[in-house]
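Undergrad: To convert a position in the sequence shown, counted from 1, into the numbering used here, add 3.
Beta carbons are placed, not taken as given, at the ideal position from N, Cα and C, and that holds for glycine.
Please see the structure below; I have some questions.
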Amino acid sequence: MVTLHNLGFPRMGAHRELKFALERHWRGEIDAQALETETQALRAQHWQMQRATGLDWVPVGDFALYDHVLDTSLALGVIPARFGARTQTRDLGLLFRMARGDANTTACEMTKWFDTNYHYLVPEFAVGQGFSLQANRLVDAFAEARHQGIPARPVLLGPLSYLWLGKTRPVPFDPLQLLDELVAVYGQWLEQLAAVGAEWVQIDEPILALDLPPAWKAAFESAYTQLARTPVRKLLTVYFGELRDNLALACHLPVDGLHIDAVRGSAEVNTLVDRLPAYKVLSLGVVDGRNIWRSELEPLLARLEPLYERLGERLWLAPSCSLLHVPQDLALEDGLDPELRGWLAFARQKLDELAILKRGLETGRAAIAGEIEASQAAALARACSPRIHRPEVKAGVQGIDAAMAQRAHPYAERAPAQRERLQLPLLPTTTIGSFPQTAEIRQARADYKAQRIDQTTYETAMRQAIAEAVERQEAIGLDVLVHGEAERNDMVEYFGEQLAGYAFTRHGWVQSYGSRCVKPPIIYGDVTRPVPMTVDWTGYAQSLTDKPVKGMLTGPVTLLQWSFVRNDQPRAITALQIALALREEVRDLEAAGTAIIQIDEPAFREGLPLRQADWNAYLDWAVRAFRIASAGVDDATQIHTHMCYAEFNDIIQAIAALDADVITIETSRSQMELLQAFEHFDYPNEIGPGVYDIHAPRLPSVAEMLALLERAGQGIPMDRLWVNPDCGLKTRRWEEVTPALQNMVEAARQLRERHG
Ligand code: GLN
Ligand code: ZN
4 MVTLHNLGFP
14 RMGAHRELKF
24 ALERHWRGEI
34 DAQALETETQ
44 ALRAQHWQMQ
54 RATGLDWVPV
64 GDFALYDHVL
74 DTSLALGVIP
84 ARFGARTQTR
94 DLGLLFRMAR
104 GDANTTACEM
114 TKWFDTNYHY
124 LVPEFAVGQG
134 FSLQANRLVD
144 AFAEARHQGI
154 PARPVLLGPL
164 SYLWLGKTRP
174 VPFDPLQLLD
184 ELVAVYGQWL
194 EQLAAVGAEW
204 VQIDEPILAL
214 DLPPAWKAAF
224 ESAYTQLART
234 PVRKLLTVYF
244 GELRDNLALA
254 CHLPVDGLHI
264 DAVRGSAEVN
274 TLVDRLPAYK
284 VLSLGVVDGR
294 NIWRSELEPL
304 LARLEPLYER
314 LGERLWLAPS
324 CSLLHVPQDL
334 ALEDGLDPEL
344 RGWLAFARQK
354 LDELAILKRG
364 LETGRAAIAG
374 EIEASQAAAL
384 ARACSPRIHR
394 PEVKAGVQGI
404 DAAMAQRAHP
414 YAERAPAQRE
424 RLQLPLLPTT
434 TIGSFPQTAE
444 IRQARADYKA
454 QRIDQTTYET
464 AMRQAIAEAV
474 ERQEAIGLDV
484 LVHGEAERND
494 MVEYFGEQLA
504 GYAFTRHGWV
514 QSYGSRCVKP
524 PIIYGDVTRP
534 VPMTVDWTGY
544 AQSLTDKPVK
554 GMLTGPVTLL
564 QWSFVRNDQP
574 RAITALQIAL
584 ALREEVRDLE
594 AAGTAIIQID
604 EPAFREGLPL
614 RQADWNAYLD
624 WAVRAFRIAS
634 AGVDDATQIH
644 THMCYAEFND
654 IIQAIAALDA
664 DVITIETSRS
674 QMELLQAFEH
684 FDYPNEIGPG
694 VYDIHAPRLP
704 SVAEMLALLE
714 RAGQGIPMDR
724 LWVNPDCGLK
734 TRRWEEVTPA
744 LQNMVEAARQ
754 LRERHG
C-alpha cells in the first residue's frame, strides 16, 4: 500500500470565506465566537474535501486564522512584552494585536516565507526568552478533526526552523542559546499530541533546504535526539529545494519518516532511496505545490514504479510542499479558455493526481489507463499548441546579442546629454509613480469591468484623474511628474492583461498575508506585446505640462516573479521574452517623446534563490533581462528603476549592473542601513533614497527629510542625489500626500540653497 498525505491546504476557502469573515470581525460586525464558528465550518469543509480525494492522512494545524508561525509563537508563549501578559494565548484579541498592531502597539514584523509570496509574522526573542506550552489551537483542531472522523495528522513548524525564522530583539544574540529550553517545550507539545491520540506528527523543517552554518546542523542532531523519546511517530518534512549538504543529516535524524520536495529536489531521490535507513518512511512530494500545471502522469509513474518496488509500504506520496501556495479549485474557473484549463491543476486537482498515481502503483497501469491517456493528450497538446508557441518570439530570444543589453555609452557620457535635455535643478524632486486610487477611480474601473459604462466614459474618467494628478504635482512644485497610474489596479495585472501569453483566473486567489490574497496571473505561452500599453496615457499627461513626465513600466523580473510561470522552459527564457516585449514599449515611449522611463523592479531581490551557490546564475539572467528591456534608448533618454526593500547590501553589485541612470529605493524602516551601504560601495549612477516612509500615516517634517538628505549627501555626491518618497502613493489619500510632498519639496529647496 502507498500512503497518501498532504502537507497543508489553502486556508482562504474557494470564495475567500476566511478573508471576509476576518474582515467582518475586524470591522466589529461579528464577534470572536461567530468568527470561530465560521472558520470551524470552513476547516471541516476542507478536511472533508481532502479526505474525499483519498488521503490516508489529512494535515491539521496548517489552518491558521492569520498565520501559522504566529500560531506557533502563541502556542509556545512567545509573546513580545509590549503585548502584555503571556497568558490567554487563545484569545483572538491578542492574536490580532500581534498580527496587526493597534493604536499603541506596533504589530510584529512580517516577512516573506522562504521564496514564496506568503508572509509570516516574525517571532521575537528577547534575551533570556522563556518558552512554555500554552493551551493551543493545534490540539483543539486535532480534536475537532478526530471528532469528524478525519484521519488527522497534526502539523508543527519544527523547533529549528522556528528559531531560524525569528529575530532576536532588541539586542542581538545567538538564538541557539534558546534551543534547549525550546526543545523541551516541543517535547511537551508532542507528548500532549500523543496523549490526545495523534499517531503521526508532521514536523516541518524547511530550513534543511538552506545553507546552514555548522552550529545549526549540530543543533538539529541534538534537538531531534532529545525529541526521539516522545511517544509519537514523526515525519520530518523538508520542501522548497534540494537537501544538498544537509542530505546526510536529514537521513539520519532519529525520526520515523522523511518528506522531500521531489519536484525541486528530484535529482536527489535516488540517493535518498539508497541512503535512508530501512526503518524510515520516505515521502516523495512529486506533485508541484508551487505551481498550477497539471502533472504528467506517465513519466511520473515510470519514475515511481521502481521506487515502489524497492520501498513498498515505506513509500508515501504527497504534494511537494503545502498547497497553501496554489489556488484551491480549478472547477470554479469556468471563464478560462477550455484548452488552457485542461493544462492546469489547483490544490484539489493535485490531490486527485496523487490518488491516481497511488491506484496506478498498487493495481497496475491498466487501472488508470484512461487517466494516463488524458494526461498524455493534454501534455502533447500543450507541447505543440500554437497558443503557446510563437516561432517569432523564440527567434527574437535567439537573436538577442550583447549589444542589445548595452546602452550606447556609459553613464558618465549619458549624464551630460540627459542634463542638457531635461534641465533639472540640483536635487530633482519626483515621486515613484502612483497617486491615490480615489473612490471615483475605483468606481469607474469597477463600472467598466462590469460593463456598466463604456470605454469612452471610462477613458474620460481616467484622463480626468490624470489631469488632476498633473495639476496637483505642478502646484506642489515637483520637478519630474508622473501620470499617476490611475488606470492600473495592479502593476502586474495591468501589463499581463495586455501581453499575449498571460492568462487570468477568476478565483485563483492565493494568501499573501492575513486576509490579503493575490491572484497571480498565469504565464502560459510565449510573451509578446500586440500593441503599445502605456504610450497614450503617458502622452496625455505630457500634453498637459512643460515639466517632464516619467513613463512608468513594470520590469521583466517583477512581471515574472509575481506570476505563475511556465514549467516547460527555464525562467530565464520567459524573462527574456518579457524583456523583449518591454523593450518595444520603451522604444515606443521614447519615440513619442518621453524623456524619462521608469522600469519598476520591486521583486528583483525576492527572486534570489534560497541557496547562495545559485545566486549568480539568477542575477546574471535577471540583470540581463532588465538591461535588454531598458538599453535600447538614446543617451539622452533617462532610465529609472525602483526597488522596494532595504536589505540590498549583498546584491548591490547586481543593482549597479542594471545600469539604470537613476534608482529610487525604499528605505522606509532602515534608512540608516541603506545609507551605510553607500559608504561601502560607490554606486556609480544617480540615486533617490526614499526620504519618507509612505506606509506610515504620519506627516513627515521638513527637518527630518532635510537631515536624511544631508546624511545621504555624505555617501552620495549631491549632484547624483534625487529627492522622492520611498514607494508609490496609491494607498494614501490626497490629504496625506499633498502636505507630505510639499514638505519634501521644501526640504529639497532648503538643501539646494545650502549647497547651491
Ligand atoms: N510605480 C509603482 C507605484 O508607484 C511602484 C510600486 C511598487 O514599488 N511596488 O505604485
Ligand atoms: Zn516600491
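(1) Closer than 8 Å to a non-hydrogen atom of the ligand GLN - does that hold for the CB of residue 690?
(2) Can residue 654 and residue 690 be called in contact, C-beta distance under 9 Å?
(3) Look up residue 205 in the DSSP assignment and give the residues it is bridged to.
(4) Should residue 646 be listed as close to the ligand ZN, given that the test is whether its C-beta is under 8 Å from any heavy atom?
(5) Once the 5 residues before and after residue 485 are set aside, which same chain residues still bring their CB inside 7 Å of it?
(6) Pull up the distance between the alpha-carbon of residue 382 and that of residue 578, whole angstroms please.
(7) Identify which residue in 78, 291, 242 and 16 has its Cα closest to the Cα of residue 49.
(8) Do the stretch 521–538 and the stretch 489–503 make contact, defined as three or more Cβ pairs closer than 8 Å?
(9) Which ranges would you report for the alpha helix (DSSP H) in the stretch 124–175 if only whole runs of at least 4 residues count?
(10) Hey, would you say the C-beta of residue 536 is under 8 Å away from at least one heavy atom of the ligand GLN?
(11) Helix, strand or coil: which one does DSSP assign to residue 524?
(12) Answer with buried or exposed for residue 564, where buried requires no fewer than 16 other C-beta atoms within 10 angstroms of its C-beta.
(13) Please determine whether the Cβ atom of residue 610 lies at a distance below 8 Å from any heavy atom of the ligand ZN.
(14) Confirm the yes/no value for this check: CB of residue 135, any heavy atom of the ligand GLN, distance under 8 Å.
(15) Does DSSP put residue 392 in a helix, in a strand, or in coil?
(16) Within the stretch 310–366, note down every full beta strand (DSSP E) run reaching 3 residues or more, in order along the chain.
(17) With a Cβ-Cβ cutoff of 9 Å, do residue 85 and residue 114 count as a contact?
(18) Is the number of C-beta pairs between the stretch 179–194 and the stretch 38–56 that are closer than 8 Å three or more?
(19) What's the gap between the Cα of residue 570 and the Cα of residue 598?
(20) At a cut-off of 8 Å, would you count residue 669 as near the ligand ZN, judging by its Cβ distance to the nearest heavy atom?
(21) Can you tell which of 468, 106 and 431 has the C-alpha that lies nearest to the C-alpha of residue 441?
(22) Run the CB neighbour count on residue 617, radius 10 Å, all protein chains shown included, and call it buried at 16 or more, exposed below.
(23) Find out if the Cβ-Cβ distance for the pair residue 231, residue 257 is shorter than 9 Å.
(24) Pick out whichever of 737, 207 and 358 has its Cα sitting closest to the Cα of residue 487.
(25) Using the Cα positions of residue 470 and residue 478, report the straight-line distance between them to the nearest angstrom.
(26) With DSSP as the reference, label residue 516 as helix, strand or coil.
(27) Would residue 640 and residue 661 qualify as a contact pair, given that the criterion is a beta-carbon distance under 9 Å?
(28) May I ask whether a heavy atom of the ligand GLN can be found less than 8 Å away from the beta carbon of residue 488?
(29) Evaluate contact between the stretch 41–48 and the stretch 139–152, counting only Cβ atoms and requiring at least three cross-stretch pairs below 8 Å.
(30) By the DSSP assignment, the alpha helix (DSSP H) with residue 418 in it spans what residues?
(31) Given a cut-off of 9 Å on the beta-carbon distance, is the pair residue 558 and residue 632 in contact?
(32) Could you tell me which residues DSSP pairs with residue 558 in its beta bridges?
(33) For residue 438 versus residue 475, is the C-beta distance shorter than 9 Å?
(34) Thinking just about the alpha-carbon of each residue, which of 732, 10 and 717 is nearest to the one in residue 63?
(35) Does DSSP put residue 40 in a helix, a strand or coil?
(36) With DSSP run on the structure shown, which of helix, strand or coil describes residue 740?
TA: Answer, in terms of the structure:
(1) The count along the sequence shown starts at 1 and reaches residue 690 at position 687. No, the beta carbon of residue 690 sits no closer than 8 Å to any heavy atom of the ligand GLN.
(2) Position 651 of the sequence shown holds residue 654. Position 687 of the sequence shown holds residue 690. Contact flag unset, no.
(3) Position 202 of the sequence shown, counted from the start, is the residue given in the question as residue 205. BP columns for residue 205 point to 158 and 238.
(4) As a working mapping, residue 646 is identified with position 643 in the sequence shown. Under cutoff, so the answer is yes.
(5) Within the sequence shown, residue 485 is the residue found at index 482, counting from 1. Its chain contains 434, 436, 552, 553 and 555 as the residues whose beta carbon lies nearer than 7 Å to that of residue 485, once the 5 sequence neighbours on both sides are disregarded; these appear in chain order.
(6) Within the sequence shown, residue 382 is the residue found at index 379, counting from 1. Within the sequence shown, residue 578 is the residue found at index 575, counting from 1. The alpha-carbon atoms of residue 382 and residue 578 are separated by roughly 23 Å.
(7) For this step, residue 49 is matched to residue 46 along the sequence shown. Residue 16 is the option with its Cα nearest to residue 49.
(8) yes
(9) 140–150 and 162–168
(10) Numbered from 1 along the sequence shown, position 533 holds the residue referred to as residue 536. Answer for residue 536: no, Cβ out of range of the ligand GLN.
(11) Counting from one through the sequence shown, the residue named residue 524 turns up at place 521. Residue state, collapsed to three classes: coil.
(12) One-based indexing of the sequence shown puts residue 564 at position 561. The residue is buried, with at least 16 neighbouring Cβ atoms inside 10 Å.
(13) Stepping through the sequence shown from its first residue, residue 610 is reached at position 607. Not under cutoff, so the answer is no.
(14) Sequence index remark: in the sequence shown, residue 135 carries index 132 (1-based). For the ligand GLN, not one heavy atom lies less than 8 Å from the Cβ of residue 135.
(15) Stepping through the sequence shown from its first residue, residue 392 is reached at position 389. Three-state DSSP puts residue 392 in coil, outside helix and strand.
(16) 318–322
(17) Reading the sequence shown from its first residue, position 82 is the one you call residue 85. Reading the sequence shown from its first residue, position 111 is the one you call residue 114. No. Outside cutoff.
(18) Cβ pair count under 8 Å is below three, so no.
(19) Residue mapping note: residue 570 aligns to position 567 of the sequence shown, counting from 1. Residue mapping note: residue 598 aligns to position 595 of the sequence shown, counting from 1. Computed Cα separation, rounded: 37 Å.
(20) Numbered from 1 along the sequence shown, position 666 holds the residue referred to as residue 669. Answer for residue 669: yes, Cβ within range of the ligand ZN.
(21) For this step, residue 441 is matched to residue 438 along the sequence shown. Of the listed residues, the one whose Cα sits closest to residue 441 is 468.
(22) Within the sequence shown, the letter at position 614 stands for residue 617. So residue 617 counts as exposed.
(23) By one-based count along the sequence shown, residue 231 stands at place 228. By one-based count along the sequence shown, residue 257 stands at place 254. Cβ atoms of residue 231 and residue 257: closer than 9 Å.
(24) Residue numbering aside, residue 487 sits at position 484 when the sequence shown is read from its first letter. Of the listed residues, the one whose Cα sits closest to residue 487 is 737.
(25) Taking the first residue of the sequence shown as 1, we reach residue 470 at position 467. Taking the first residue of the sequence shown as 1, we reach residue 478 at position 475. Near 12 Å, if we compare the C-alpha coordinates of residue 478 and residue 470.
(26) Here the question's residue 516 lines up with position 513 in the sequence shown. Looking at residue 516 - three-state DSSP - the assignment turns out to be strand.
(27) Sequence index remark: in the sequence shown, residue 640 carries index 637 (1-based). Sequence index remark: in the sequence shown, residue 661 carries index 658 (1-based). No. Outside cutoff.
(28) What you label residue 488 is simply residue 485 of the sequence shown in a count that begins at 1. For the ligand GLN, at least one heavy atom lies less than 8 Å from the Cβ of residue 488.
(29) yes
(30) Indexing the sequence shown from 1 puts residue 418 at position 415. Run containing residue 418: 414–425, per the alpha helix (DSSP H) assignment.
(31) Position 555 of the sequence shown, counting from 1, holds the residue named residue 558. Position 629 of the sequence shown, counting from 1, holds the residue named residue 632. Yes, these two residues count as a Cβ contact at 9 Å.
(32) Indexing the sequence shown from 1 puts residue 558 at position 555. Beta-bridge pairing links residue 558 to no other residue.
(33) To locate residue 438, count along the sequence shown from 1; it is residue 435. To locate residue 475, count along the sequence shown from 1; it is residue 472. Yes, the pair counts as a contact, with Cβ atoms nearer than the cut-off.
(34) By 1-based counting over the sequence shown, the position of residue 63 is 60. Among 732, 10 and 717, the Cα nearest to that of residue 63 is on 10.
(35) Counting from 1 along the sequence shown, the entry for residue 40 is found at position 37. It is helical.
(36) Numbered from its first residue, the sequence shown carries residue 740 at position 737. Three-state result, residue 740: helix.
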